[in-house]
Every structure is written in C-alpha cells, then in structure tokens.
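In what follows, a single structure is set out as structure tokens and then discussed.
Numbering (my numbering), first residue to last: 46 to 472.
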C-alpha cells in the first residue's frame, strides 16, 4: 500500500486568523460635527433623503450615520457627494476607502481612495496602515509590508499596525520576523486578541505546538466568540495528536460561524484521523458546498473516498483538487499513489509522481512512491527484479542531497527488502 500524505486545511490558518482589524470609518470629529444637528433628515424606504443642501462636512456626517445603519451603498454615495463638493478633503477619501475595504469588499477601489488620502495628507498614518491592509487582502504582501512600515514610522506605538505587519510577514513565510512583530503588538496592547491568535498560528508553523496552543487559548480567553481562534485551536490540537479535543474546537468554531468552510474541512480531516470516514466525508462535502474552489477539501475528500473503497470517486476528487491548484505536490503524489495502488495504471502514476517531484523535489513520500511504482512496471519479472533494485537505489542517489538523511531515517532499505520479499511471494 502506497503512503498517502494528508493535506491539512491548516495551511490557510494564518491568513484567516490574520483577518485584519477593521478600519475606522471616518475621523471622530465628523460624527460629532454639531452642524449636522441642524440638518433635517427623513428615513423613507430605507433611504435618507435630504431636505436641503448640505456641505461636504455634513455629507460626511450623513455618510457616517448611514454606515451605522448598515446602508453602505447610500453611505458611499454620500462620501462621493462630499468629494464632489470638496475634492481635497483627505478625511473623506480615507473614510471612503475604509467603507469600500471593510464592508463593500471593493479592494482596488479602496486602494485608490487610500492613495488619494495619502497624496493629500502624506503623514496620515491611518491611511498608510489601511493601505497595508487592503494590499494584504489583494495578496500584494511586499507592498503591504512597505505601507505598514511607513505607518509604524509615523506612529511607532500603533499596536494594530504591528499586529497586521506580523500577519503579512507570516503570509510571506517570514515566521521569525512575524513572531517579533506580533510580540511587539502584544507588548503595546496585551489585550489584542488578534495578535495572540496570529501568534499562535505562527508558532504552529514553526512547529512549537505547546506554545502555539497557549497563545490561541489566550486569544479565546480575551475573545471567546472568535471562531477563527477556535478553528486554529483545533489545528494545533490535531498537530499534538489530540483529535477528540480538536474535534470539539472545530465544532465550537462551526457553532459560532456555521458557514465557516475551513472549520468544516478541518473537521473532516480530524474525523478521518479518528477513523470516522462517513462523517468525515459529510464534513468535507459541507466545506465544498460552502466553498466549491477549496482544493484542500477536494484533496482530502479523495483520501476519505479511497479509505471507503470508492476509487473512481476518489480519483475524480483528487483531479478536481489539481484542477483548482495545479501546483499542489501533495495532490499529485496522492494521484500517483491512487493510480498505482488501486488502478494499476503504473505509467500514468509515474507521470503524476514525477510532477509531484518537479513541484517539490524533497517530497520523500513521492520519492518512495515513485520507486515502488517504477518497480511494478517491471511486472515482477525475475530478471528485472535486479534492475528494479538498482533503479530504486538510483532514485535515492538522484534525490536532493539534503533529503538523503531523511530517506535513510525512513528506512528505505527496509522498504526495499519488504518489496523484494513480496516479489518472492508473488512468483
């Protein structure tokens, strides 16, 4: 039986736990503008209708009230009217960007608004901070980092900027630097539950599971309703092999946020670890229903279907994972193992395993599966058994040098001996 390398949905935990703090909508002075008291407003058909002409400042105040009422499109229109009256009003440009980023999810347009606010007021550190947030949401992490560094230069004690900086550094894979930024945020604001949660995610990436659990627990202590923290707690507990406790954490995340697809996917993974395959399949199906392009759920669905002996459906799920994420070396490895073990399509299996190794040259599981599959191509012919042994040794010698100790640690000679024994048994 070829080994399957499970894919965990935890790979996205940092980005999700790192959901950036909301941007303040407008400077507080606008919401307290006494002049707005003289404006007569009437609510009709969920729209605020103005009874006489307003100034730019009054339009900003009206927009803030509309935002508080959840009337986001109307608020945007009021901000646009304020800008029409006073194009150089940097506070309105900033507030407009915040609305577009936090509530309307129009990130490119939000970025343009923040850029305009900065052009008008270059030392507006909130605009630099918010610009970093929206660039992070757009996946432009280096540019996001530069904006956050500018915000911190302008306001060194802004714990929120330090925390977001840590999340962005984590997205860049710079975990030690991310940890340092998050520690700075916590030093400045010990009650920042987002920073504690992100700190736990970074420590999980660094393999420091007990410390990660302590950080996530602190985040939950500060904010018990943080469903993302409960999800990440489940990930860390899974890393520690505490599957029942992990399941309870995922269930709590789902209770708090029933449509949180990552928690459903992680729940399916841990149920598979517990041997509850039908329940695992149901959870993964739920994750896919909520997020059809979540390739990790599709890949793990393939693993569970294989466990259930539904090989055609398993292959279809793995193929869908690859379609969604062609660069997933784990999915290519799983495809190769499935084709080799359960379909005996060795040439196609070998092609999939080669693709896995092309994407990730130090994937030990793919190297091992490739060696075994190459041996099967020889059809157990007694003469070529010797060739297979030589071929397998050649595979090991061709592996990246830094992988050789890992191969030795995983007893590849023992795997080879067992394979030779199986050949003798089958002939």
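Yeah, the Cβ is synthetic: ideal placement off N, Cα and C, and Gly gets one too.
Reference residue i, options the options, closest by Cα
| i | options | result |
| --- | --- | --- |
| residue 402 | 422, 380 and 210 | 380 |
| residue 388 | 188, 283, 356 and 406 | 356 |
| residue 333 | 167, 365, 174 and 242 | 365 |
| residue 113 | 103, 128 and 144 | 144 |
| residue 404 | 375, 413, 417 and 414 | 375 |
| residue 329 | 308, 319 and 193 | 308 |
| residue 124 | 104, 247 and 115 | 104 |
| residue 341 | 368, 246 and 300 | 368 |
| residue 205 | 232, 182, 302 and 273 | 232 |
Where the alpha helix (DSSP H) through residue i begins and ends
| i | result |
| --- | --- |
| residue 114 | Per DSSP, residue 114 belongs to no alpha helix (DSSP H) and is neither H nor E. |
| residue 255 | 254-267 |
| residue 346 | 340-352 |
| residue 135 | 135-147 |
| residue 365 | 356-369 |
| residue 226 | 220-233 |
| residue 374 | 374-383 |
| residue 159 | 152-165 |
| residue 202 | That residue, residue 202, is in no alpha helix (DSSP H); it is neither H nor E in DSSP. |
| residue 317 | 306-318 |
| residue 296 | 288-301 |
| residue 184 | Looking at the DSSP string, residue 184 is not in any alpha helix (DSSP H), and its letter there is neither H nor E. |
| residue 284 | 272-284 |
| residue 415 | 409-422 |
| residue 392 | 391-404 |
| residue 131 | Careful: residue 131 lies outside any alpha helix (DSSP H) and carries neither H nor E. |
| residue 248 | 238-250 |
| residue 330 | 322-335 |
CA-to-CA distance, residue j to residue i, given in whole angstroms
| i | j | result |
| --- | --- | --- |
| residue 391 | residue 313 | 30 Å |
| residue 223 | residue 252 | 15 Å |
| residue 185 | residue 420 | 45 Å |
| residue 191 | residue 177 | 8 Å |
| residue 257 | residue 220 | 13 Å |
| residue 477 | residue 187 | Given that the chain is displayed from residue 46 to residue 472, the structure contains no residue 477 and the question cannot be resolved. |
| residue 89 | residue 149 | Here residue 89 scores only 43 on pLDDT, less than 50, and its place in the model should not be relied on; the value that follows carries that caveat. Cα-Cα distance, rounded: 23 Å. |
| residue 297 | residue 130 | 49 Å |
| residue 371 | residue 170 | 40 Å |
| residue 244 | residue 212 | 9 Å |
| residue 234 | residue 275 | 21 Å |
| residue 373 | residue 108 | 45 Å |
| residue 19 | residue 175 | With the chain running from 46 to 472 in the structure shown, residue 19 is simply not present. |
| residue 291 | residue 121 | 42 Å |
| residue 97 | residue 159 | Annotation note: pLDDT 43 at residue 97 (below 50); position unreliable, coordinate value reported separately. Rounded to whole angstroms, residue 97 to residue 159 spans 30 Å at the Cα level. |
| residue 331 | residue 323 | 12 Å |
| residue 91 | residue 115 | Because the pLDDT at residue 91 is just 41, under 50, the model does not fix this residue reliably, and the value given afterwards should be weighed accordingly. Cα to Cα, the separation comes out at about 10 Å. |
| residue 281 | residue 250 | 10 Å |
| residue 430 | residue 338 | In this prediction, residue 430 scores a pLDDT of 47, lower than 50, which makes its location untrustworthy; the coordinate-derived value is nonetheless stated afterwards. Approximately 43 Å, taken between the alpha carbons. |
| residue 354 | residue 270 | 39 Å |
| residue 277 | residue 293 | 12 Å |
| residue 400 | residue 406 | 10 Å |
| residue 229 | residue 325 | 40 Å |
| residue 218 | residue 304 | 28 Å |
| residue 161 | residue 263 | 39 Å |
| residue 327 | residue 422 | 36 Å |
| residue 157 | residue 99 | 25 Å |
| residue 414 | residue 360 | 17 Å |
Own chain partners of residue i with C-beta closer than 8 Å, once the 5 adjacent residues on each side are dropped
| i | result |
| --- | --- |
| residue 362 | 343, 344, 346, 347 and 350 |
| residue 128 | 101, 134, 137, 138 and 141 |
| residue 117 | 111, 144, 148 and 149 |
Sequence-distant residues of its chain with Cβ nearer than 6 Å to residue i (five each side left out)
| i | result |
| --- | --- |
| residue 165 | 133 and 135 |
| residue 397 | 377, 380 and 381 |
| residue 492 | Residue coverage of the chain in this structure runs from 46 to 472, which leaves residue 492 outside it and unanswerable. |
| residue 319 | 288 |
| residue 299 | 308 |
| residue 265 | 274 |
| residue 352 | 322 |
| residue 189 | 177, 180, 181 and 213 |
| residue 418 | 385, 391, 394 and 395 |
| residue 210 | 193 and 226 |
Cβ neighbours of residue i in the same chain (closer than 7 Å, five flanking residues each side left out)
| i | result |
| --- | --- |
| residue 393 | 384 |
| residue 173 | 163, 192, 195, 196 and 199 |
| residue 358 | 350 |
| residue 152 | 146, 179, 182 and 183 |
| residue 168 | 199 |
| residue 267 | 236, 238 and 241 |
| residue 202 | 233 |
Cβ separation of residue i and residue j, assumed to be a contact under 8 Å, to the nearest whole Å
| i | j | result |
| --- | --- | --- |
| residue 247 | residue 215 | 5 Å |
| residue 119 | residue 126 | Contact flag wrong, Cβ pair sits at about 11 Å. |
| residue 315 | residue 286 | Contact flag wrong, Cβ pair sits at about 11 Å. |
| residue 259 | residue 208 | Their Cβ separation, rounded to whole angstroms, is 18 Å, which puts residue 259 and residue 208 out of contact at 8 Å. |
| residue 335 | residue 295 | Actually they are not in contact, since the Cβ atoms of residue 335 and residue 295 sit about 14 Å apart, beyond 8 Å. |
| residue 272 | residue 302 | 4 Å |
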